[in-house]
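> The structure's right below; bear with me while I get my questions together.
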Amino acid sequence: MSFQLIISLIMNVVVYDECIKVIIIELVTLASIVIFSKANLSNTINFEKINNDISMYLISTFSMDVIIFKIILIYDDTLILKNLAITALIVTISVISHILIYNYIIREMKENQNLKVSREYNKIIDEIVQEIKQRQHDFVNYKNTILGIVEVLDEDKIGEAIRNYIKDEDIYDNKINELIYIDNVIIRSIIYRSMCKAKKSNIDFQYRIENNVLDNILSYNEISNVLNNLLNNAFEEVMKDDCSKRNIEIKILKEGKTSHLIVKNKLSDSNNVNINEMFTRGYSTKNIGTRGYGLYNVEQIITSHKGYQEVRVESKEIIFDIYFNNSSG
1027 MSFQLIISLI MNVVVYDECI KVIIIELVTL ASIVIFSKAN LSNTINFEKI
1077 NNDISMYLIS TFSMDVIIFK IILIYDDTLI LKNLAITALI VTISVISHIL
1127 IYNYIIREMK ENQNLKVSRE YNKIIDEIVQ EIKQRQHDFV NYKNTILGIV
1177 EVLDEDKIGE AIRNYIKDED IYDNKINELI YIDNVIIRSI IYRSMCKAKK
1227 SNIDFQYRIE NNVLDNILSY NEISNVLNNL LNNAFEEVMK DDCSKRNIEI
1277 KILKEGKTSH LIVKNKLSDS NNVNINEMFT RGYSTKNIGT RGYGLYNVEQ
1327 IITSHKGYQE VRVESKEIIF DIYFNNSSG
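Numbering of the sequence shown is given in this note's numbering, commencing with residue 1027 and proceeding in unit increments.
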């Protein structure tokens, strides 16, 4: 009201037509509301960050409704006063319809986004299925290899050679087979892709995934962004020449009512990690202009769902612990 009073005093000096004056005051007020809301939307209003344009549209249309009612009230208040019931009904319908439209659009956008991400990872799921089938066919090759070991080695060395051979194959096969028990298609795909990358680069990659831990907190797209950024950083670190042990471990689990996403990996000998600046926008140890936003983006996603991140270094191993209380999301 004080803002409109100031504008009104200014208009009294430069504009003499009352109708034009009222219209200008209301338009300036509307513009101010839009600008203020746009600048403070993420901090003061609980709207989805990805839907600022929709939010601004709804704010603008609702403000226009208010302005129209105010102009009618100024020039012909009897029209509203004599029809209070109808006026109240119109206002109620307008507010409810705006809320329903917003919720519908948000729901459709989320479903379309999840569908898009699912389609992107379906190819990886097909690869998992094909690899499991291939492993079944490879049984004949395993048998022939064992027969070859028996034929070429001395009797006292056969047992150890076969045990080592079976052990190496069983470890990887078990990891592949366990993937089918991961319900979330995005997590399953990312773990599989990481396993393939780790095997190719001779990296010890371990995972422990519980179901229904992050599903009700993060969207498919958010899970993809968080996991890929954390794992990409882990792989880049352990693949450095001066990294003595190439170990990466990821856990997604619940402890009580708290959901955890934990990624840990060995640090290279030359890495002097700065935990305080790690999540700063643009921070990077690579000095490349296009990098330095991965962990910042992770923090933005976690914060938007009222989650927390804890980073610590223990025995030359960096541990990222991202967690959400049961009420988060």
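We put the beta carbon where it would ideally sit given N, CA and C, even for glycine.
For clarity, every value in this text was computed on a predicted model and none was experimentally measured.
With H, G and I counted as helix, E and B as strand and the rest as coil, what does DSSP make of LYS1226?
Taking the first residue of the sequence shown as position 1, residue 1226 is located at position 200. LYS1226: helix per DSSP, three-state reduction.
> Quick one: what's got a C-beta closer than 6 Å to ARG1214's C-beta in the same chain, skipping five residues either side?
On the sequence shown, position 188 is the one that residue 1214 refers to. Contacts found: LEU1205 and ILE1208.
> Does the beta-carbon distance from VAL1264 to LYS1226 come in below 8 Å?
Counted from its first residue, the sequence shown places residue 1264 at position 238. Counted from its first residue, the sequence shown places residue 1226 at position 200. No, the pair does not count as a contact, with Cβ atoms beyond the cut-off.
> What's the C-alpha gap between GLU1343 and SER1270?
As a working mapping, residue 1343 is identified with position 317 in the sequence shown. As a working mapping, residue 1270 is identified with position 244 in the sequence shown. Roughly 11 Å between the two C-alpha positions.
> Please return the same chain residues whose Cβ sits closer than 7 Å to the Cβ of LEU1279, not counting the five positions on each side in sequence.
By 1-based counting over the sequence shown, the position of residue 1279 is 253. Same-chain partners within the cutoff: ARG1234, GLU1236, VAL1239 and HIS1286.
> ILE1274 by DSSP, collapsed to three states: which one?
Position 248 of the sequence shown, counting from 1, holds the residue named residue 1274. Reduced to three states, the DSSP call for ILE1274 is strand.
> Where does LYS1075 land, buried or exposed, given buried means 16+ other C-beta within 10 angstroms?
Mapped onto the sequence shown, residue 1075 falls at position 49. Residue placement at LYS1075 cannot be trusted, given a pLDDT of 47 that sits under 50; the coordinates are not used to answer.
> If you draw a straight line from the alpha carbon of ASN1273 to that of ASN1140, how long is it in whole angstroms?
Within the sequence shown, residue 1273 is the residue found at index 247, counting from 1. Within the sequence shown, residue 1140 is the residue found at index 114, counting from 1. Taking the straight line joining both Cα atoms gives about 31 Å.
> Which same chain residues, not among the five before or five after ALA1187, have their C-beta less than 8 Å away from its C-beta?
The residue given as residue 1187 occupies position 161 in the sequence shown. If we look at ALA1187 and ignore the five residues flanking it on each side, its Cβ neighbours are ILE1175 and LEU1179.
> DSSP puts LEU1350 in a beta bridge; with which residues?
Translated into positions along the sequence shown, residue 1350 becomes position 324. Looking at the sequence itself, residue 1350 is Phe, so the reference to Leu does not match. SER1285.
> If you follow the alpha helix (DSSP H) that GLU1263 is part of, which residue opens it and which one closes it?
Mapped onto the sequence shown, residue 1263 falls at position 237. 1246–1264 is the span of the alpha helix (DSSP H), which, as asked, contains GLU1263.
> Do ILE991 and ILE1288 have their C-beta atoms closer together than 8 Å?
Since the first and last residues shown for the chain are 1027 and 1355, residue 991 lies out of range.
> Go ahead and pull the three-state DSSP assignment for LYS1280.
The residue given as residue 1280 occupies position 254 in the sequence shown. Strand, per DSSP.
> Under three-state DSSP, which class holds VAL1339?
As a working mapping, residue 1339 is identified with position 313 in the sequence shown. Strand, per DSSP.
> Here's a check: name, in chain order, each residue in its chain whose Cβ is nearer than 6 Å to the Cβ of GLN1232, leaving out the five neighbours to either side.
Here residue 1232 refers to the residue found at position 206 when the sequence shown is read from its first residue. Once the five neighbours on either side are set aside, the close Cβ partners of GLN1232 are GLU1275.
> Please determine, among PHE1261, LEU1257, GLU1177 and PHE1350, the residue with the shortest C-alpha to C-alpha distance to ASP1241.
Here residue 1241 refers to the residue found at position 215 of the sequence shown. Looking only at PHE1261, LEU1257, GLU1177 and PHE1350, the smallest Cα-Cα distance to ASP1241 is reached by PHE1350.
> With GLY1333 as the anchor, note down where its alpha helix (DSSP H) starts and where it stops.
Your numbering for residue 1333 matches position 307 in the sequence shown. For GLY1333, there is no enclosing alpha helix (DSSP H), as DSSP gives it neither H nor E.
> Look at ASP1347 and GLU1336 and say whether their C-beta atoms are less than 8 Å apart.
Counting from 1 along the sequence shown, the entry for residue 1347 is found at position 321. Counting from 1 along the sequence shown, the entry for residue 1336 is found at position 310. Result yes, Cβ atoms of ASP1347 and GLU1336 sit closer than 8 Å.
> Closest by CA to LYS1149, which one among ILE1216, GLY1320, THR1284 and GLU1325?
Taking the sequence shown and counting its residues from 1, the one referred to as residue 1149 is at position 123. Out of ILE1216, GLY1320, THR1284 and GLU1325, ILE1216 has the C-alpha closest to the C-alpha of LYS1149.
> Is ASN1228 closer than 8 Å to GLY1320 when the C-beta atoms are compared?
Residue numbering aside, residue 1320 sits at position 294 when the sequence shown is read from its first letter. Residue numbering aside, residue 1228 sits at position 202 when the sequence shown is read from its first letter. Not closer than 8 Å, so no.
> Buried or exposed, going by whether 16 or more other CB atoms sit within 10 Å of the CB of LYS1290?
Within the sequence shown, numbered from 1, the residue matching residue 1290 stands at position 264. By the neighbour-count rule (16 or more Cβ atoms within 10 Å), LYS1290 is buried.
> Please report the distance separating the alpha-carbon of THR1118 from that of LYS1136.
The count along the sequence shown starts at 1 and reaches residue 1118 at position 92. The count along the sequence shown starts at 1 and reaches residue 1136 at position 110. Looking at the two C-alpha atoms, the distance is approximately 27 Å.
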